[in-house]
Ligand code: AP5
């Protein structure tokens, strides 16, 4: 099954993606995670992306398109994949359609997670992530078992630089002006499943499973 998670910053894409890939046994392709790893490793890609990401802006389409085209060529993706954070612009969606067409694949479901702005800001201001394994927590709704340490790998969790309030505002502007247009793009393909993203992690997870017929 080939899936896309669509939704504003803080909608729960990464959190629900982790749960879904464990259930379906398919890999998650998160452009945000790939870019953050490149920034941490100081690679050429990371040097290009660092300032753009920290400002809350989108990395150029050709950069992220190249990342996904490479990833889709790997054998792990042959049995299906879950795209988290890609595509984010109509140009990226068009590029993805071309990448899939040349491989004889298509998107089965676009899961559009819907969450109001006030809730998003609260979620991002309390988010903690593990820089080593990528696990995501929240200081009140999903705290680590031991304060400051990742449940999965024991590393110190951190707050993301782009979760500062002024950067969140800019990320929401980017989302509204560019990424939100993708719902209409995929509606034309008949693959959008609207998911209410407010509720417990289990409630949202159940809605997602129902939407994909599982
Ligand atoms: P990216 O990493 O993709 O960030 P994002 O889309 O802004 O999404 P987030 O990771 O902030 O939120 P999420 O929806 O995954 O929420 P989460 O599950 O963590 O991108 C970062 C940057 O990289 C971009 O700004 C851009 O610069 C660049 N980039 C990436 N892809 C790109 C692309 N394709 N093109 C161009 N540039 C690109 O949840 C948030 C918090 O809420 C957590 O604390 C979680 O515990 C909590 N939470 C989740 N669900 C619930 C719930 N149901 N109830 C209560 N709390 C919850």
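Residue numbers (this note's numbering): 168 to 381. The C-beta atom is built at its ideal place from N, Cα and C for all residues, glycine as well.
The beta carbon of residue 216 is closer than 8 Å to those of 202, 205, 206, 226, 230 in its chain, skipping five residues each way along the sequence. Our two residues, residue 243 and residue 169, have alpha carbons roughly 13 Å apart in a direct line. At least 8 Å separates the beta-carbon of residue 358 from that of residue 234. Here the distance from the Cβ of residue 299 to the nearest heavy atom of the ligand AP5 is not below 7 Å. For the set 319, 260, 331, the Cα lying nearest the Cα of residue 294 is the one of 331.
A Cβ-Cβ distance of about 6 Å is found for the pair residue 255 and residue 345, placing them in contact under the 8 Å criterion.
Between residue 363 and residue 374, the CB-CB gap stays under 8 Å.
By the neighbour-count criterion, in which a residue is buried when 16 or more other Cβ atoms sit within 10 angstroms of its Cβ, residue 190 is exposed. By the criterion of at least three beta-carbon pairs nearer than 8 Å, the segment 279-297 is not in contact with the segment 251-265. Setting aside the 5 residues that flank it on each side, residue 176 is surrounded in the same chain by 287, 291, 335, 338, 339, 342, each with a C-beta closer than 7 Å to its C-beta; the list follows chain order. Per DSSP, residue 169 is one residue of the beta strand (DSSP E) stretching across 169-173. Residue 180 is classed as buried because its beta carbon has at least 16 other beta carbons within 10 Å across all chains shown. At a cut-off of 7 Å, the beta-carbon of residue 213 does not count as near the ligand AP5: no heavy atom of the ligand is closer than that. Runs of the alpha helix (DSSP H) spanning 4 or more residues and lying entirely within the segment 269-354 occur at 284-292, 332-341, 348-354, in chain order.
Going by C-alpha positions, residue 298 is about 17 Å away from residue 251.
At least 8 Å separates the beta-carbon of residue 186 from that of residue 279.
About 16 Å separates the Cβ atoms of residue 282 and residue 349, ruling out a contact at the 8 Å cut-off. For residue 362, there is no enclosing alpha helix (DSSP H); the enclosing beta strand (DSSP E) covers residues 359-363.
If you check the CB distance, residue 324 and residue 296 come in under 8 Å. Not one heavy atom of the ligand AP5 is found less than 7 Å from the C-beta of residue 373. Between residue 183 and residue 372, the C-beta spacing is below 8 Å. Not one heavy atom of the ligand AP5 lies closer than 7 Å to the C-beta of residue 356.
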